[in-house]
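Structure first, then comments.
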Amino acid sequence: MTARLVAETGSAPYNAYTQASVQRNAPSPNDAAMTGAFQRNGATCMTSPSYPGDNSAKQLDDLRANAQQRTEIDAALIDLFAPEDDALKAAIAAGQDANMPPIQISPLDGRLLQVLAAACGARKILDIGTLAGYSSIWLARALPADGKLISLEMSEKHAAVARASLARADMSDRAEVRVGPAIESLPGLTDEAPFDLIFIDADKTGYLAYLDWAMKLSRPGSIIVADNCIRGGKPLRATTDDDPDTQALGNYDRLVASDARLVSVALPIDNDGTDGFAISVVVTSAKNE
Ligand code: DHB
Ligand code: MG
């Protein structure tokens with residue numbers, strides 16, 4: 002997984018915990034496909050100002066200052082809104098010790114999940130893709146004491162690490178990790194539905210099937226969040242891409258953007274604005290169609 006991450010981004014494996022200071026490859030404005038994808042009404046949407054003549058040194062200085070500013074803002078926002086306590090830090094360390102890829106959500110993502118849980122009055126949360134339990138801790142902490150988080154994890158080894166992480170966070174009373182391929186566990190959750198918040202952060206090629214289940218296991222007013230829906234802009238490109246993950250994420254984005262049962266947006270809040278969540282509020286549940 003880490004190898005794929007490296008191949009995909011062209012950079013060293015990144016640690017989301019320190020991602021504020023790590024630059025993943027930002028989409029190049031010179032990339033014809035990308036420029037095309039981001040053209041709207043003939044205007045190219047670029048955030049950097051244009052530089053007439055050869056002023057590349059000044060342009061480089063401005064870009065550096067801009068990157069530095071974004072890093073500082075990210076750190077300050079985490080400090081103010083989403084500081085990690087010992088249990089969250091320990092969950093990251095436990096994942097590293099168990100050789101899991103450091104691909105957990107960012108602290109601001111975690112806080113955003115809690116804001117969304119509060120917005121829908123979440124008492125039951127479904128987490129698809131547990132890994133070391135970092136996002137599960139953020140989600141479980143958004144629940145009342147009698148609330149319930151069910152987290153689905155493919156690997157027994159990862160589930161054991163996550164259960165220990167949740168125990169350290171004192172969340173074992175309301176958080177349960179179920180082992181197996183999510184697509185096989187989901188049909189068994191019908192009796193425990195509806196879930197108020199569903200967070201999808203697992204194998205990308207499964208995203209459409211997980212969305213289908215999220216619709217079945219939710220109610221009007223539920224919130225469905227999916228991680229990695231921007232991924233350097235690749236899923237948003239007009240051109241075709243052979244990578245199955247990219248195709249799956251693009252299909253997910255296009256579906257939630259256009260499905261009349263949902264009100265959705267994707268926010269570029271991660272990895273220096275190159276990745277982020279797709280957030281959907283269910284307005285009509287699948288059961289009521
Ligand atoms: C990968 C998966 C993730 O959920 C993520 O947030 C980042 C990377 C991956 O499989 O490479
Ligand atoms: Mg993810």
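For the record, in the sequence shown the residue sitting at position 158 is 159 according to the numbering used here, with numbers rising by one throughout.
From the three backbone atoms N, C-alpha and C, an ideal C-beta is built for every residue, glycine too.
Asked: Cross-strand partners of Ser223 (DSSP beta bridge); Found: In DSSP, Ser223 forms no bridge with anything.
Asked: When Asp242, Asn272 and Asp228 are compared against Val266, the one with the closest alpha-carbon; Found: Asp228
Asked: Best match in Asn252, Leu117, Ala99 and Arg262 for proximity to Ile224 [C-alpha to C-alpha]; Found: Leu117
Asked: Neighbouring residues (CB closer than 6 Å to any heavy atom of the ligand MG); Found: Ile104, Asp202, Asp228 and Asn229
Asked: Span of the beta strand (DSSP E), counted from its first residue to its last, around Ser281; Found: Ala279 to Val283
Asked: Per-residue DSSP class, three states only, for Ala93; Found: Position check: residue 93 holds Ile in this sequence, whereas Ala was assumed. Three-state result, Ile93: helix.
Asked: Residue burial classification, Glu185 (beta-carbon count within 10 angstroms, cutoff 16); Found: exposed
Asked: Short Cβ contact (8 Å threshold) for Ala133 with Ser166; Found: yes
Asked: Straight-line Cα distance separating Ser286 from Glu154; Found: 25 Å
Asked: Close-in-space but distant-in-sequence residues of the same chain around Asp246 (CB under 6 Å, 5 per side omitted); Found: Lys205
Asked: Start-end ranges of the alpha helix (DSSP H) lying completely within the region 145-186, minimum 4 residues; Found: 157-169 and 183-186
Asked: Stretch pair the region 202-218 + the region 123-139: three plus CB contacts closer than 8 Å; Found: yes
Asked: Residues near Glu177 in its chain [Cβ-Cβ closer than 6 Å; skip 5 each side]; Found: Ile151
Asked: Per-residue burial, Gly96 [other beta carbons within 10 Å of its own, 16 or more giving buried]; Found: buried
Asked: Alpha-carbon spacing of Gly234 relative to Thr72, whole angstroms; Found: 20 Å
Asked: Residues of its chain near Gly207, where Cβ-Cβ distance is below 7 Å and the 5 sequence neighbours each way are ignored; Found: Ala183 and Ile184
Asked: Under 8 Å between C-beta atoms of Cys121 and Asp213; Found: no
Asked: Those runs of the beta strand (DSSP E) which lie wholly inside the region 186-241 and span at least 3 residues; Found: 198-201 and 224-227
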